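Enquirer: Reminder that position 158 of the sequence shown reads as 158 in the working numbering, one-by-one numbering, no gaps.
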Amino acid sequence: IEEFELGRVLGTGSFGRVQVAHHKANKQVCAVKSLSKASIVKTKQACEHSFQKNILQRLDFPYIVNLLGYCQDDRCVHLVMEYVCGGEFFTYLRHTGRFDEATSRFYASQVLLAFEHIHGMDIIYRDLKPENLLLDEKGNIKIADFGFAKQIDRRTYTLCGTPDYLAPEIILNKGHGKPVDWWAFGVLIYEMLAGYPPFYDDDAIGTYQKILAGKLQFPGHFSRRQISCSAKDLVRRLLTADLTKRIGCLKDGVDEIKNHSWFANVKWDNVLAKKDTPPIRPKVAVCVYFLI
1 IEEFELGRVL GTGSFGRVQV AHHKANKQVC AVKSLSKASI VKTKQACEHS
51 FQKNILQRLD FPYIVNLLGY CQDDRCVHLV MEYVCGGEFF TYLRHTGRFD
101 EATSRFYASQ VLLAFEHIHG MDIIYRDLKP ENLLLDEKGN IKIADFGFAK
151 QIDRRTYTLC GTPDYLAPEI ILNKGHGKPV DWWAFGVLIY EMLAGYPPFY
201 DDDAIGTYQK ILAGKLQFPG HFSRRQISCS AKDLVRRLLT ADLTKRIGCL
251 KDGVDEIKNH SWFANVKWDN VLAKKDTPPI RPKVAVCVYF LI
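What follows is the structure, given as structure tokens:
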């Protein structure tokens with residue numbers, strides 16, 4: 001870690017913090033995620049953090065934050081990550097209030113391809129939310145924070161994730177797999193279009209009750225022809241508790257989502273190649289992050 005000059009703290013969590021940094025020799029700007037060894041041992045999370053490192057090493061994809069390397073000292077394990085300088089997607093969504101369909105579709109298509117790639121490696125993400133989506137300097141998505149990601153070959157039973165984005169099968173501890181990411185994908189599309197998640201409540205228990213009740217309600221502007229019927233149909237089919245009916249979980253898998261009418265005009269090869277101009281253009285000022 002001595003090879004890096006550490007700058008401003010970008011975020012903190014229960015296990016440590018993330019700081020912007022640059023390599024003293026080659027001047028490359030990066031983000032260093034420092035995880036406290038004491039906290040990891042105390043909470044018996046050593047395996048989970050090892051999984052996070054191993055998963056990130058395998059995932060090389062345009063819409064996923066890349067792991068550049070890792071090191072450790074007496075106190076911390078340091079993950080050296082790609083620095084994504086456009087800020088949190090969450091910030092732009094809250095500033096705008098909600099997005100129009102074109103903006104929502106643009107970012108949903110990038111998340112979808114990332115999930116297709118992740119699932120193709122038998123990994124589930126399990127922590128989709130606007131706060132875990134970053135924007136690069138051009139305004140494209142980068143999925144970050146793989147702390148809850150897991151390699152699976154069968155169902156898993158760990159209760160993890162953000163309450164608003166949890167699928168019913170996680171809450172009921174029935175065992176879960178890749179379908180939970182498609183449920184969360186439906187929540188994300190709803191939140192982009194509405195400005196808030198579909199099962200929001202003041203406390204987690206209330207949110208769980210609404211999710212299990214399965215009563216999906218759309219806000220007023222959805223019914224005033226501001227939001228297309230195809231958008232509402234896709235959200236309904238993603239937020240379906242019955243796994244035998246949830247889109248993305250059936251025999252055609254992710255292709256059924258990609259072929260849905262809401263994505264009818266999306267050229268998936270262009271999405272993968274980042275050929276389309278992002279609707280959000282972040283204001284980037286890398287140098288300020290080194291002002292302590």
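Even glycine gets a Cβ: it sits at the ideal position worked out from N, Cα and C.
Keep in mind the model is a prediction, meaning the values are calculated, not measured.
Taking three-plus beta-carbon pairs below 8 angstroms as touching, is the segment 94-107 in contact with the segment 54-71?
Expert: With a cut-off of 8 angstroms, the segment 54-71 and the segment 94-107 do not count as touching, because too few Cβ pairs lie within range.
Enquirer: Mind reading off the beta-carbon distance from R17 to S34? Whole number of angstroms is fine, and I expect it under 8 angstroms.
Expert: Between S34 and R17 the Cβ distance is about 6 angstroms, and since that is below 8 angstroms, they are a contact.
Enquirer: Express the C-alpha separation of T162 and C30 in angstroms, rounding to a whole number.
Expert: One C-alpha to the other measures close to 27 angstroms.
Enquirer: Is Q57 helix, strand or coil when you go by DSSP?
Expert: Helix at Q57.
Enquirer: If you draw a straight line from the C-alpha of N265 to the C-alpha of A25, how long is it?
Expert: Rounded to whole angstroms, N265 to A25 spans 46 angstroms at the Cα level.
Enquirer: Could you pull the start and end residues of the beta strand (DSSP E) that I143 belongs to?
Expert: Unbroken beta strand (DSSP E) run through I143: I141 to I143.
Enquirer: How far does the beta strand (DSSP E) with F4 in it reach, from first residue to last?
Expert: Start and end: F4 to T12.
Enquirer: Since I118 and L68 should fall inside the 8 angstroms C-beta cutoff, what is the C-beta to C-beta distance between them, to a whole number of angstroms?
Expert: About 19 angstroms; that fails the 8 angstroms criterion.
Enquirer: Going by alpha carbons, who is nearest to L188 out of A108, T96 and H22?
Expert: Selected option, being the one with the closest Cα: A108.
Enquirer: Assess contact between the segment 191-206 and the segment 134-150, defined as three or more Cβ pairs (one per stretch) separated by less than 8 angstroms. Is contact present?
Expert: As far as the Cβ criterion goes, the segment 191-206 does not touch the segment 134-150, which means the pair count is below three.
Enquirer: Cutting at 8 angstroms between CB atoms, please list the residues of its own chain near V271, excluding the five before and the five after it.
Expert: Hits under 8 angstroms: S109, Q110 and L113.
Enquirer: On the criterion of 16 or more Cβ atoms from any shown chain inside 10 Å, does Q19 qualify as buried, or is it exposed?
Expert: Buried: at least 16 other Cβ atoms inside 10 Å.
Enquirer: Helix, strand or coil: which one does DSSP assign to S34?
Expert: Strand at S34.
Enquirer: Looking at C-beta atoms only, is the number of pairs between the segment 128-139 and the segment 84-96 that lie closer than 8 angstroms three or more?
Expert: Counting Cβ pairs under 8 angstroms, three or more are found: they touch.
Enquirer: Y125 to Q57, Cα distance in whole Å?
Expert: Whole-angstrom Cα-Cα distance: 15 angstroms.
Enquirer: Determine the direct distance from the alpha carbon of E3 to that of K27, and round the result to whole angstroms.
Expert: So the alpha carbons of these two residues sit roughly 10 angstroms apart.
Enquirer: When we look at the beta-carbon of R225 and count the other beta-carbons within 10 Å, is it buried (16 or more) or exposed?
Expert: Under this definition R225 is an exposed residue.
Enquirer: How many angstroms separate the CA atom of Q72 from the CA atom of K37?
Expert: If you take the alpha carbons of Q72 and K37, they lie about 9 angstroms apart.
Enquirer: Where does M81 sit, in a helix, a strand or coil, going by DSSP?
Expert: Strand.
Enquirer: Going along the chain, which residues of its own chain have a beta-carbon closer than 8 angstroms to the beta-carbon of T244, five neighbours each way excluded?
Expert: Cβ within range, chain order: L250.
Enquirer: Please report the straight-line C-alpha distance between R237 and F185, rounded to a whole angstrom.
Expert: If you take the alpha carbons of R237 and F185, they lie about 11 angstroms apart.
Enquirer: Does the beta-carbon of I205 have 16 or more other beta-carbons within 10 angstroms, so that it is buried, or is it exposed?
Expert: Burial call: exposed.
Enquirer: Using a threshold of 7 angstroms, state whether the C-beta atoms of T207 and D164 are closer than that.
Expert: Contact: yes.
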